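A quick write-up on the structure given underneath.
Residue numbers (UniProt numbering), protein chains in the order written: chain G, 1 to 428; chain Z, 1 to 330.
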């Protein structure tokens, strides 16, 4: 097997060190390592992180291959520094059976750009009425352990309780899309001053917070593990903080766009900013950053939601909700969390690799950069500054809110078990 | 003047007064035996209605024809929010046919803004009502009606509505008329009070440049104009208020309530009225109610807006228009 020496990389942002990859594993970490027989990558002080893990990705295959496929989505993931992604279940057909999750898992293996861990639907057809065969999906080759009806909320309290209880049998976790459906009928953006002015249907913060409050209490009652998807409001942060202080086994994620953008962008009526949950207020953004810094929010997840051009090049109300995110996530985190002094790179590794891998049970990912560990690594040029150019995205879709915006940082190399998937910024 | 008319909030005081003054000139045309000006001869205006509204469309059509424009009416049938391609493709088709202006009505808030700012077309866009967002020509015709009634047609020329007290009553939450009126009346110096049950006021209304009250009776004696908003019957099923009767008792305008208004005060309604619920027949048919005048004034206002945005080649009315009427819009 081939050897690679990464010379002078700031491992997790620390002092420059050499990292020697031998085959699929990290052979040594230290200073002045011998380059003999190895391909040398001069890191020149770039930051080396464990391969990033995204607990919330939409790969759209099967069913919407015009938006994204497992291959294009995993190429986008590799471009963004990810070595594992969890693929959401809202495909066509829905990933609610062992057959569909195995198909997604197999397509991931074939792509070779990043490990794909399918997420199984909680209920049949995401309809919220009848539990899907959670055990069968877990027992399948895909070994599903995360279940979510993402895109829809499991709003029936009894179904949610049963799902939480049931997955305990095999150490699963239910990832909730917290959105009270009745309170968000016709919702187009955050409910508040701006929605009132623009005449767009409001998505009130309480529609998210009331479901989170209910679900942490359910998780406590039945002693189960709960994960909250794309948390977006200051009030939600307070509820998670309270739940954790009470010892409830809950984790939460925040999306990069909720760390950077506010509802003010909606004044453009540009559907690039249309996303669910919606962009919130400046106050919410501040609360989310602080919560990610102090660990109340456990991880960053992209909610990478590719849509074809025609689904966004239209009037706001007709547009699809969602943004692509895999290729810009780390840059947004650098701008909002690192350059503001809220997180150092070791903590970024925690929020974007170690902890998401632990929550999702992604074996071999989210491991320390140390000898004997799988060589899943990401090298980041943190000094880079450049405008986001969607034309260069590997994702099949281009629906980014950052077009033309300057963001810092660029992933130059990604290694999946010792094999480069991204080399000098180019996919292999 | 801006190139487009998307929102009443985009108008400066001077823009708005210019439109009202121009509308007075246009109104004189309606008194002539031949109600037509050659101003927009050779220009083509498209009325693009994605949402049914016979009254507004006919008003625009009358205004366009009185200015001698060629008129194309396009009614997009089918779903209320049609797929995006249809809006983009439709307007690009129209522009390829040489349309000089687009009057658009759409159920989606922001659709006219998107049309004017997306680069899909080059022609001026006039918003004829979008979702629950804006209906700027309605606000202008309301302001025009107030100025004529409360100040006088000739005495009002060049004047705004400084210090006039206007009360808007009813379903503010779903009303583009309310939003447009609050913006424009504030710009024109009027004091606006919104009166509605809390369920029919948007979250965030406290930041608007107006007062808010839940109590109609205490507001009436301080009002120079009361504008009743239409309440759609389907709101009742969505629990915005308990029953039609309870709404009517608390927020309907009947003879007793009208008697609380100052002598000179007027009663307005954007139409169509739901008689017996938001307004009684007695009030609707009284000479203080301006509903019919509002319709007539709507044509004058729309003539003025089309004239100013399209920069006609002829004088506006009997008198040559002042020179600045025709500049700055190319």
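Where a beta carbon is used, it is the ideal one built from N, C-alpha and C, also for glycine.
Fair warning: this is a prediction, and the values are worked out from it, not measured in the lab.
In the DSSP assignment, the alpha helix (DSSP H) including residue 248 of chain Z goes from what residue to what residue?
Within the second chain, the letter at position 248 stands for residue 248 of chain Z. Taken as a continuous stretch (DSSP letters only), the alpha helix (DSSP H) holding residue 248 of chain Z covers 244-251.
Within 8 Å of any Cβ in chain G, is that where the Cβ of residue 33 of chain Z sits?
Reading the second chain from its first residue, position 33 is the one you call residue 33 of chain Z. Answer no: the Cβ-Cβ gap between residue 33 of chain Z and chain G never drops below 8 Å.
Should residue 190 of chain G and residue 278 of chain G be called a contact, given that it needs their Cβ atoms to be closer than 8 Å?
Numbered from its first residue, the first chain carries residue 190 of chain G at position 190. Numbered from its first residue, the first chain carries residue 278 of chain G at position 278. Yes, they are a contact pair.
Going by beta carbon distance, what residues of the same chain come within less than 7 Å of residue 79 of chain Z, once the five residues before and after it are set aside?
Here residue 79 of chain Z refers to the residue found at position 79 when the second chain is read from its first residue. Caution applies to residue 79 of chain Z, whose pLDDT of 45 falls short of 50 and renders its modelled position unreliable; the model cannot decide the point.
Taking the CB atoms as reference points, tell me whether residue 52 of chain Z and residue 95 of chain Z lie closer together than 8 Å.
On the second chain, residue 52 of chain Z is found 52 positions in, with the first residue counted as 1. On the second chain, residue 95 of chain Z is found 95 positions in, with the first residue counted as 1. The answer is no: Cβ separation not under 8 Å.
Which residues does DSSP pair with residue 174 of chain G in a beta bridge?
Mapped onto the first chain, residue 174 of chain G falls at position 174. Paired residue(s): G:147, G:226.
Rounded to whole angstroms, what's the CA-CA distance from residue 207 of chain Z to residue 25 of chain G? Just pull it up for me.
The residue given as residue 207 of chain Z occupies position 207 in the second chain. The residue given as residue 25 of chain G occupies position 25 in the first chain. Approximately 59 Å, taken between the alpha carbons.
From residue 325 of chain G to residue 302 of chain G, what does the alpha carbon distance come to, in whole angstroms?
Locating residue 325 of chain G in the first chain gives position 325, where the first residue counts as 1. Locating residue 302 of chain G in the first chain gives position 302, where the first residue counts as 1. Near 5 Å, if we compare the C-alpha coordinates of residue 302 of chain G and residue 325 of chain G.
Apart from the five residues just before and just after residue 71 of chain G, which ones in its own chain have a Cβ nearer than 7 Å to its Cβ?
Residue 71 of chain G sits at position 71 when you count from the first residue of the first chain. The residues are 111.
Would you say residue 73 of chain G reaches chain Z, if we count a Cβ-Cβ gap shorter than 8 Å as a contact?
The residue given as residue 73 of chain G occupies position 73 in the first chain. Interface residue (Cβ-Cβ distance to chain Z less than 8 Å): residue 73 of chain G is not classified as such.
What distance in whole Å lies between the Cβ atoms of residue 47 of chain G and residue 13 of chain G, which are believed to be in contact at a cut-off of 8 Å?
On the first chain, residue 13 of chain G is found 13 positions in, with the first residue counted as 1. On the first chain, residue 47 of chain G is found 47 positions in, with the first residue counted as 1. Confirmed, about 5 Å.
Below 8 Å, how does it come out for the region 149-160 of chain Z and the region 391-404 of chain G: are there three or more Cβ pairs, yes or no?
Touching, no, given that fewer than three Cβ pairs across the two stretches are closer than 8 Å.
Same chain, Cβ closer than 7 Å to residue 233 of chain G, five either side skipped, listed in chain order
The residue you call residue 233 of chain G lines up with position 233 of the first chain. The residues are 205, 208, 209, 280, 284.
Residue 92 of chain G: buried (16+ other C-beta within 10 angstroms of its C-beta) or exposed?
As a first step, residue 92 of chain G is located in the first chain; it is residue number 92 there, counting from the start. Under this definition residue 92 of chain G is an exposed residue.
Beta carbon of residue 220 of chain Z nearer than 8 Å to that of residue 249 of chain Z
The residue given as residue 220 of chain Z occupies position 220 in the second chain. The residue given as residue 249 of chain Z occupies position 249 in the second chain. For the 8 Å CB-CB criterion, residue 220 of chain Z and residue 249 of chain Z do not form a contact.
Using a beta-carbon distance below 8 Å, is residue 305 of chain G in contact with chain Z?
To locate residue 305 of chain G, count along the first chain from 1; it is residue 305. It does not: the Cβ of residue 305 of chain G has no partner Cβ on chain Z nearer than 8 Å.
Check the Cβ-Cβ distances between residue 412 of chain G and every residue of chain Z, and say whether any is below 8 Å.
Here residue 412 of chain G refers to the residue found at position 412 of the first chain. Cβ-Cβ to chain Z under 8 Å: no for residue 412 of chain G.
Looking at the strands, I want to know which residues DSSP matches up with residue 49 of chain Z.
Residue 49 of chain Z sits at position 49 when you count from the first residue of the second chain. Residue 49 of chain Z pairs with Z:75, Z:105.
Are the region 17-24 of chain G and the region 33-48 of chain G touching, with three or more C-beta to C-beta distances below 8 Å?
In this structure the region 17-24 of chain G lies against the region 33-48 of chain G, because at least three pairs of beta carbons, one per stretch, are closer than 8 Å.
Considering only DSSP beta bridges, list what residue 212 of chain Z is partnered with.
Taking the second chain and counting its residues from 1, the one referred to as residue 212 of chain Z is at position 212. DSSP lists Z:194 as partners of residue 212 of chain Z.
DSSP three-state assignment for residue 354 of chain G, whether helix, strand or coil
Working through the first chain from its first residue, we reach residue 354 of chain G at position 354. Residue 354 of chain G falls in the helix class under three-state DSSP.
With a threshold of 8 Å between beta carbons, is residue 239 of chain Z in contact with chain G?
Position 239 of the second chain, counted from the start, is the residue given in the question as residue 239 of chain Z. So no, residue 239 of chain Z is outside the interface.
Do you know how far the Cα of residue 107 of chain G is from the Cα of residue 185 of chain G?
Here residue 185 of chain G refers to the residue found at position 185 when the first chain is read from its first residue. Here residue 107 of chain G refers to the residue found at position 107 when the first chain is read from its first residue. Near 36 Å, if we compare the C-alpha coordinates of residue 107 of chain G and residue 185 of chain G.
Within 8 Å (strictly less), CB to CB, does residue 67 of chain G reach chain Z?
As a first step, residue 67 of chain G must be located in the first chain, where it is residue number 67. For residue 67 of chain G, the nearest beta carbon of chain Z is not closer than 8 Å to its own beta carbon.
Residue from Z:70, Z:30, Z:34 whose Cα sits closest to the Cα of residue 44 of chain Z:
Here residue 44 of chain Z refers to the residue found at position 44 of the second chain. Distance from the Cα of residue 44 of chain Z is smallest, within the candidate group Z:70, Z:30, Z:34, for Z:70.
Taking the runs of the alpha helix (DSSP H) that are 4 residues or longer, which of them lie wholly in the region 246-290 of chain G?
If we require 4 residues or more, the alpha helix (DSSP H) runs fully inside the region 246-290 of chain G come out as 256-260.
For the ligand NAD, is there any heavy atom lying closer than 7 Å to the beta carbon of residue 38 of chain Z?
The ligand NAD is not part of this structure, which contains no ligands at all.
I need the straight-line Cα distance from residue 18 of chain Z to residue 161 of chain Z, nearest angstrom please.
Residue mapping note: residue 18 of chain Z aligns to position 18 of the second chain, counting from 1. Residue mapping note: residue 161 of chain Z aligns to position 161 of the second chain, counting from 1. One alpha carbon belongs to residue 18 of chain Z, the other to residue 161 of chain Z, and they sit about 13 Å apart.
Please determine if the region 303-321 of chain G and the region 48-62 of chain G are in contact, where contact requires at least 3 C-beta pairs separated by less than 8 Å.
Using a C-beta cut-off of 8 Å, the region 303-321 of chain G makes contact with the region 48-62 of chain G, since at least three inter-stretch Cβ pairs fall below that distance.
So, with DSSP's three-state summary, where would you put residue 255 of chain Z?
As a first step, residue 255 of chain Z is located in the second chain; it is residue number 255 there, counting from the start. Judged by DSSP in its simplified three-state form, residue 255 of chain Z adopts helix.
Throw me the rounded Cβ distance for the residue 361 of chain G and residue 353 of chain G pair, which I believe falls under 8 Å.
As a working mapping, residue 361 of chain G is identified with position 361 in the first chain. As a working mapping, residue 353 of chain G is identified with position 353 in the first chain. 14 Å between Cβ atoms; not a contact.
Provide the residue span of the beta strand (DSSP E) that contains residue 17 of chain G, from first to last.
Along the first chain, one-based indexing puts residue 17 of chain G at 17. In the DSSP annotation of this structure, the continuous segment of the beta strand (DSSP E) that includes residue 17 of chain G starts and ends at 16-22.
Taking one C-beta from the region 144-160 of chain G and one from the region 239-251 of chain G each time, how about it: are there three or more such pairs within less than 8 Å?
The region 144-160 of chain G vs the region 239-251 of chain G: no contact.
Just verifying my parser: in three-state terms, what is the DSSP assignment at residue 43 of chain Z?
Here residue 43 of chain Z corresponds to residue number 43 of the second chain, with the count starting at 1. The answer is coil: DSSP assigns residue 43 of chain Z none of H, G, I, E or B.
Do residue 74 of chain G and residue 116 of chain G have their beta-carbon atoms positioned less than 8 Å apart in this structure?
As a first step, residue 116 of chain G is located in the first chain; it is residue number 116 there, counting from the start. As a first step, residue 74 of chain G is located in the first chain; it is residue number 74 there, counting from the start. Their beta carbons are under 8 Å apart, which means residue 116 of chain G touches residue 74 of chain G by this criterion.
Inter-residue Cα distance where the pair is residue 51 of chain G and residue 270 of chain G:
Numbered from its first residue, the first chain carries residue 51 of chain G at position 51. Numbered from its first residue, the first chain carries residue 270 of chain G at position 270. Between residue 51 of chain G and residue 270 of chain G, the C-alpha separation is close to 33 Å.
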